[in-house]
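Peer 1: In full-length UniProt numbering, the protein residues as written are 1 to 256.
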């Protein structure tokens with residue numbers, strides 16, 4: 001009789017545990033500190049794939065012919081990048097893409113298609129430093145032993161296929177005025193890239209940032225059209241295009 005009673009207790013306990021498991025989805029024995037319990041099991045054990053860091057592949061897949069990279073600390077460079085992307089799309093029919101410099105890798109920059117355009121909008125931060133999101137990019141192109149995907153040395157001009165325009169945001173009250181745009185321009189040219197037009201510089205110290213940007217971009221587009229064989233089209237109301245996140249809020253970089 002005692003054995004039967006013990007067996008009954010075991011069966012009852014098993015039923016109770018099964019009932020709790022059914023109604024709680026295992027939450028009571030999930031990994032400590034994991035508020036989602038057994039979420040991975042519920043999603044067939046597969047986590048969502050991470051965002052690709054290959055901007056060349058992204059341009060190819062989305063059929064972009066112009067990418068606007070930005071190095072921004074508080075928003076203005078990012079806002080300018082968005083404006084350039086939108087204007088490129090609306091005025092010239094370009095398939096544009098805005099890219100945060102820290103979102104991608106650049107060891108494949110030597111694969112940049114020669115019939116496409118790269119635009120760099122770069123603020124200088126602190127005492128002549130890259131913005132936080134531009135550090136990785138700058139460290140790569142400024143390295144003495146920089147090597148890209150094809151293994152070609154810097155002396156062999158690995159970026160000869162790259163055509164670019166560039167604009168910097170700076171402040172002339174600081175010693176290293178517009179250091180980033182000047183340094184990046186120097187390194188890209190040294191690596192064989194072709195700059196179209198002049199390297200623009202905006203001066204927040206003289207309260208001319210917006211004016212400098214507007215004046216530069218008009219000349220820039222004219223130079224780009226001549227070099228790339230692109231033409232301005234009639235004004236339209238189309239507001240489409242992959243413009244990314246443009247924030248034209250005020251950025252007053254410590255040194256651009």
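We put the CB at the ideal spot given by N, CA and C, even for glycine.
Determine, using beta carbons only, whether residue 176 and residue 127 come nearer to each other than 8 Å.
Peer 2: For the purposes of this step, residue 176 is identified with residue 176 of the chain shown, where counting begins at 1. For the purposes of this step, residue 127 is identified with residue 127 of the chain shown, where counting begins at 1. Yes, these two residues count as a Cβ contact at 8 Å.
Peer 1: Counting Cβ pairs closer than 8 Å, one from the segment 58-65 and one from the segment 99-119, do we hit at least three?
Peer 2: The answer is yes - the segment 99-119 touches the segment 58-65, with three or more Cβ pairs under 8 Å.
Peer 1: Going by C-alpha distance, which of 191, 178, 203 is nearest residue 162?
Peer 2: Counted from its first residue, the chain shown places residue 162 at position 162. Comparing Cα positions, the closest option is 191.
Peer 1: Sort out for me which residues DSSP pairs residue 195 with in a bridge.
Peer 2: Translated into positions along the chain shown, residue 195 becomes position 195. BP columns for residue 195 point to 164.
Peer 1: Among 165, 85, 143, 125, which one has its Cα closest to the Cα of residue 219?
Peer 2: As a first step, residue 219 must be located in the chain shown, where it is residue number 219. The candidate whose alpha carbon is nearest that of residue 219 is 165.
Peer 1: For residue 53, count the other beta carbons within 10 Å of its own beta carbon; 16 or more makes it buried, fewer makes it exposed. Which is it?
Peer 2: Position 53 of the chain shown, counted from the start, is the residue given in the question as residue 53. Residue 53 comes out exposed.
Peer 1: Looking only at C-alpha atoms, which of 75, 103, 68 sits nearest to residue 86?
Peer 2: The residue you call residue 86 lines up with position 86 of the chain shown. For the residues 75, 103, 68, the minimum Cα distance to residue 86 belongs to 68.
Peer 1: Can you name the residues that DSSP bridges to residue 125?
Peer 2: Sequence index remark: in the chain shown, residue 125 carries index 125 (1-based). Residue 125 pairs with 129.
Peer 1: Helix, strand or coil, according to DSSP, for residue 155 in the structure here?
Peer 2: As a position in the chain shown, residue 155 is number 155, starting the count at 1. Here residue 155 sits in helix by DSSP.
Peer 1: State the CB to CB distance for the pair residue 179 and residue 213, rounded to an integer number of angstroms; the pair is presumed to be in contact (CB under 8 Å).
Peer 2: Translated into the one-based positions of the chain shown, residue 179 becomes position 179. Translated into the one-based positions of the chain shown, residue 213 becomes position 213. At roughly 18 Å, the Cβ-Cβ gap does not stay under 8 Å, so residue 179 and residue 213 are not in contact.
Peer 1: Using three-state DSSP, classify residue 94 as helix, strand or coil.
Peer 2: Numbered from 1 along the chain shown, position 94 holds the residue referred to as residue 94. Here residue 94 sits in coil by DSSP.
Peer 1: Identify every residue that forms a DSSP beta bridge with residue 203.
Peer 2: Here residue 203 corresponds to residue number 203 of the chain shown, with the count starting at 1. Beta-bridge pairing links residue 203 to 170.
Peer 1: Output the distance between the C-alpha atoms of residue 81 and residue 144, rounded to the nearest integer angstrom.
Peer 2: What you label residue 81 is simply residue 81 of the chain shown in a count that begins at 1. What you label residue 144 is simply residue 144 of the chain shown in a count that begins at 1. One C-alpha to the other measures close to 29 Å.
Peer 1: In this structure, how does DSSP classify residue 291 when only helix, strand and coil are distinguished?
Peer 2: Examination of residue 291 is not possible in this model, given that the chain is present from 1 through 256 alone.
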